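Engineer: Protein chains in written order, with this note's numbering: chain R, 2 to 332; chain H, 2 to 332. Even for Gly, the Cβ is constructed at its ideal location relative to N, Cα and C. As the structure is a prediction and not an experimental result, all values here were calculated from the model.
(1) For residue 48(R), which residues in the same chain have their Cβ closer than 6 Å to its Cβ, ignoring the five residues on either side in sequence?
(2) Counting only C-beta atoms, is residue 332(R) closer than 9 Å to chain H at any point?
(3) How many whole angstroms separate the CB atoms of residue 141(R) and residue 233(R), which I take to be in contact at a CB cut-off of 8 Å?
(4) Measure from the C-beta of residue 210(H) to each C-beta in chain B and report whether the shortest distance is under 9 Å.
(5) Residue 239(R) and residue 240(H) - do their beta-carbons sit closer together than 9 Å?
(6) Which complete beta strand (DSSP E) runs does the stretch 99-138 of chain R hold, if anything under 3 residues is left out?
(7) Write down every uninterrupted run of the alpha helix (DSSP H) in the stretch 11-43 of chain H whose length is 4 residues or greater and which is fully enclosed by it, in chain order.
(8) Would you say residue 148(H) reaches chain R, if we count a Cβ-Cβ gap shorter than 9 Å as a contact?
(9) Name the chain H residues whose beta carbon is nearer than 8 Å to that of residue 237(R)?
(10) Looking at the secondary structure, which residues open and close the beta strand (DSSP E) in which residue 177(H) lies?
(11) Determine the extent of the beta strand (DSSP E) in which residue 262(R) is found, giving its start and end residues.
(12) For residue 21(H), which residues in the same chain have their Cβ closer than 6 Å to its Cβ, ignoring the five residues on either side in sequence?
(13) So the candidates are 263(R), 219(R), 134(R); which of them puts its Cα closest to the Cα of residue 245(H)?
(14) Strictly below 8 Å CB to CB, what residues from chain H border residue 183(R)?
(15) If you drop the 5 nearest sequence neighbours on each side, which residues of the same chain put their C-beta closer than 6 Å to that of residue 226(R)?
(16) If you pair each beta-carbon of the stretch 258-270 of chain H with each one of the stretch 100-113 of chain H, do three or more pairs fall below 8 Å?
(17) Under 9 Å Cβ-Cβ, which residues of chain R neighbour residue 231(H)?
(18) Using a beta-carbon distance cut-off of less than 7 Å, what residues from the stretch 263-293 of chain H approach chain R?
(19) Pull up the distance between the alpha-carbon of residue 138(H) and that of residue 242(H), whole angstroms please.
(20) With respect to the beta strand (DSSP E) encompassing residue 284(R), which residues constitute its N-terminal and C-terminal limits?
(21) Assuming residue 114(H) and residue 91(H) form a contact by the criterion Cβ under 8 Å, report the distance between their Cβ atoms to the nearest whole angstrom.
(22) Taking all protein chains shown into account, do 16 or more other C-beta atoms lie within 10 angstroms of the C-beta of residue 190(R), making it buried, or fewer, making it exposed?
(23) Spell out a yes or no on whether the stretch 202-209 of chain H and the stretch 250-262 of chain H are touching, meaning 3 or more CB-CB pairs, one atom from each, closer than 8 Å.
(24) Can you check which of these residues, 296(R), 150(R), 163(R), is closest to residue 327(R) by C-alpha distance?
(25) Please list, in chain order, the chain H residues whose beta carbon lies closer than 8 Å to that of residue 251(R).
(26) Rounded to whole angstroms, what's the CA-CA distance from residue 296(H) to residue 235(H)? Just pull it up for me.
(27) Taking the straight line between their C-alpha atoms, what separation do you get for residue 173(R) and residue 84(H)?
(28) Answer with yes or no whether the minimum CB distance from residue 133(R) to chain H is below 9 Å.
(29) Express the C-alpha separation of residue 177(R) and residue 308(R) in angstroms, rounding to a whole number.
(30) Using a Cβ cut-off of 9 Å (strictly closer), state whether residue 215(R) contacts chain H.
(31) Counting Cβ pairs closer than 8 Å, one from the stretch 18-35 of chain R and one from the stretch 67-81 of chain R, do we hit at least three?
(32) State the CB to CB distance for the pair residue 112(H) and residue 98(H), rounded to an integer number of angstroms; the pair is presumed to be in contact (CB under 8 Å).
(33) Using a threshold of 9 Å, state whether the C-beta atoms of residue 35(R) and residue 19(R) are closer than that.
(34) Does the CB of residue 85(H) have a neighbour CB from chain R at under 9 Å?
(35) Within 10 Å of its beta-carbon, does residue 224(H) have 16 or more other beta-carbons around it, so buried, or fewer, so exposed?
(36) DSSP beta-bridge partners for residue 6(H)?
Given below as structure tokens:
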């Protein structure tokens, strides 16, 4: 049975949502949960007669990396939940790691301890975003590497392709390079060189612009971590702004209020579609192990979906596929 | 009376929306319009008894820079509408220029012929975006300079501050540097150095992230042209995706359809708020003259508002204020 190490400490809201999400996942999927955190706290969150108790293992620890600490601290904090969790994956005592804690710490520890796949110089965070056709796209890097070379961007394309092909089960994923025009000559210095490299990949379809990002024809979006993070947060900001404006306008008239009431179901569907929790976490690609980085604010549903993603990564051997892709060298 | 040179040729839909917008502007504002384009075509669009005919001058030409041409062509095409229009500003025969044509061509010609303000090495395009408080923010650069140095970003901050203070009439505009975290240490190499430079400007309030971009506390957002353009287009893409999803959900149920009908007014307001045409065009800052770059797809309303912006730039002497700011050197 697949074993998932779950950091029960680092999230913004403590152990509660993480345990709750884990219990839900245990009800729906077949895996062994290794919870790392304060034993008493974890125990208090598990109902006495929880059906799948035998599939829970708890490893006690007290320490965790706080959100305002620097990632550099992590390597010295051997008693922290994330340190112990990465050790489990390193020593093959767990098949995957899920953490909603300090993402920088998770990334450094995973890279240093579990190690990089041969040929990968920079592991990348893949963000899963909704498309208008109801499917998802993978954007990477979402913030792990702020300054990238063309070679890094090329490697992101290779990793994203393997992830989408194996986890999303798409036959021939399309890779787009995020840029400011569709033509090859459009972009900045790094993106233009990356374009030339990516042309060697059979999944590459050229530059993609932000206004076509979500229309359904791109499976993998490649960009540096600065741009990727800005895109993610701006998307969030725009969606929030639209909701806020609409709420203001609705409040201005009784007719609109009634209309909004009748539209409740549609709004709910929209909310669900835009809800990050539906997509779980972000896979850390390029590591010799399966690591899913959750949002610090993860609710139980997000944790449940992150665990689902981790299981899926294990089952489909994403890392092995990525390693094979780099070994072959030709795409 | 302020004289505005209007490129009647370069837009995606030909002269029609441009003339229509100009006529509307003439009805509401006091200025002299110099239309550059095919005389016969322009004449055919002006109603015989148009009240403000005496405030229209037409300069005939046949040629214009097509959207798929390179900007480099522009400098040799002396008979093109945009070449003639920039000449008018250069020779002080017009106070400002409005063009919805090839933006690269407009930029190069404006820079080469009208010239840069002392101290500005890179003119920047300022995009005007809606905030949730009903006011606007200025984001620059929106795509003129894809690779920027920290000094360029600093200069964008200075120019944006003067524009917002003088045209939007805000007493002490706040400048935010677009980044991936609020802390000074967050960002890429260029943005971190730009942070240090921008600290010398009294309007600088630190890094701003995409999710807080529209919440109303930032007046000027500074970023390089690659990031700026990606942000603009992604914002467009997200807004479109949300509308598309909502339409799909509404179509699925009669109740929702009725609700949407009742909410029509609210949706209309939202549409108006998100409509680029409401904001006119984008000022090209750092030039020794007033240049407004319109969207290629500008409709009459967008042209009307772009002309309004051009008049406002003239009236408030934005260029002189920018030149003074650079001359003083201290902010």
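Structural biologist: Result, derived from the coordinates:
(1) none
(2) Any reading at residue 332(R) needs caution, since the residue's pLDDT is 49, under 50, leaving its predicted position unreliable; the model's value is listed next. No, residue 332(R) does not count as interfacial toward chain H.
(3) So it is not a contact: roughly 11 Å between Cβ atoms.
(4) This model lacks chain B altogether, as its protein chains are R and H.
(5) yes
(6) 128-131
(7) 16-29
(8) yes
(9) 211, 212
(10) 176-179
(11) Careful: residue 262(R) lies outside any beta strand (DSSP E), inside the alpha helix (DSSP H) at 255-263.
(12) 301
(13) 134(R)
(14) Residues of chain H passing the Cβ test: none, with the nearest at roughly 11 Å.
(15) 142, 144, 145, 146, 147
(16) no
(17) Around residue 231(H), the beta-carbon contacts reaching into chain R at under 9 Å are 179, 180, 181, 210, 211, 224, 228, 231, 232, 235.
(18) Hits within the stretch, in order: 263, 264, 266, 267, 270, 271, 274.
(19) Answer to the nearest angstrom: the Cα atoms are 23 Å apart.
(20) Per DSSP, residue 284(R) belongs to the beta strand (DSSP E) from 283-286.
(21) That belief holds up - the Cβ atoms of residue 114(H) and residue 91(H) are roughly 5 Å apart, short of 8 Å.
(22) exposed
(23) no
(24) For the residues 296(R), 150(R), 163(R), the minimum Cα distance to residue 327(R) belongs to 163(R).
(25) 264, 267
(26) 16 Å
(27) 47 Å
(28) Under the Cβ distance rule, residue 133(R) counts among the residues neighbouring chain H, one pair being separated by less than 9 Å.
(29) 28 Å
(30) yes
(31) no
(32) About 12 Å; that fails the 8 Å criterion.
(33) no
(34) no
(35) buried
(36) 35(H), 98(H)
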